[in-house]
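By my numbering, the letter at position 167 of the sequence shown is numbered 148, and the numbering carries on one by one without gaps.
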Amino acid sequence: MIPTGALLAAGGAFPGGGKDSHEPADEELALAVSALAGGGVVAHATETIYGLGVDPFQPAALQRLCALKGRDAAKGWILLIDGPAGVARVARPPDRVGERLMARFWPGPLTLVLPALPGVDRRLTGGGSRVAVRWSSSPVVAALLRGFGGPVVSTSANRSGEPPLTSMARIRACWGGGLAATLDGPVAVDGLPSTVVAVIDGRGHLLRAGAVPLARLREEVDIVDS
């Protein structure tokens, strides 16, 4: 695991062990989990930027999220997972490069694009053969995934083409009743999203620059700047 490269907007680094002080209250978490199960959109903090999350296995929830953001439904999504074991639910076993990146940068702000398992909904992959997954170090995300019991689609909290919103107050003002629940918490002050790397034929391909610098990735594996 590596730091995100920025101080957190609330309270500094996440403490290790036990119940994290930044985990949501039980009542807030229960409401968010219920909202996901009911097909609603949940605004939540991550260790990078704020996200909007839904149940990835409810097509109506994905449609609702697209409508909220004004996002092209043909694009793929990032799935937040609860650890390396979560990869096996949606993707084929990673190769040596994928394993190395997971070992060095997870949990943290690195999204990996891996070959999807047969049967994974093409709405999640953008019609392609690969799926994007991330194990976040955010205590808010960890609590949400534990409570929900499965992966969650998450996308930046902004309307398509606009900068990410930087506070939960702004997110609520933007979407109001379009959100079924909110989970606030610390986010990075630099506003950088997760770095996205596709693992293809034993090499990493940088798809999006972000919180993990390219130079740091190249210390570990061969990375092509796409």
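A virtual CB, placed ideally from N, CA and C, is assigned to each residue, including glycine. Fair warning: this is a prediction, and the values are worked out from it, not measured in the lab.
The residue from Leu126, Thr176, Trp58 and Val133 with its alpha-carbon nearest to that of Leu105 is Trp58. Asp53 is bridged by DSSP to nothing; it lacks a bridge partner.
Counting only residues of its own chain and dropping the five nearest sequence neighbours on each side, Gly21 has a CB closer than 6 angstroms to the CB of Ala161.
Judged by DSSP in its simplified three-state form, Val94 adopts strand. Take the alpha-carbon of Pro167 and the one of Val23: they are about 16 angstroms apart. Counting only runs of 4+ residues, the alpha helix (DSSP H) found wholly inside the stretch 112 to 187 occupies 120 to 129 and 149 to 156, in chain order. In this structure, Gly32 lies near Ser137, with their beta-carbon atoms less than 8 angstroms apart.
Beta bridge pairing from DSSP links His25 with Gly32 and Leu164. The Cβ atoms of Val178 and Ile204 lie closer than 8 angstroms to each other. For Ala42, the secondary structure class from DSSP, reduced to helix, strand or coil, is helix. Here Gly159 has Leu49 as same chain residues with Cβ atoms under 6 angstroms from its own Cβ, once five neighbours each way along the sequence are excluded. Taking Gly100 as reference, the option from Trp116, Ala84, Leu125 and Ala72 with the minimal CA-CA separation is Ala72. Taking each of Ala55, Met83, Asp53 and Arg151 in turn and checking the Cα distance to Ala66, the smallest one comes out for Met83. Distance check between Ala26 and each of Ala42, Pro96, Pro74 and Pro90 places Pro90 closest, using alpha-carbon atoms only.
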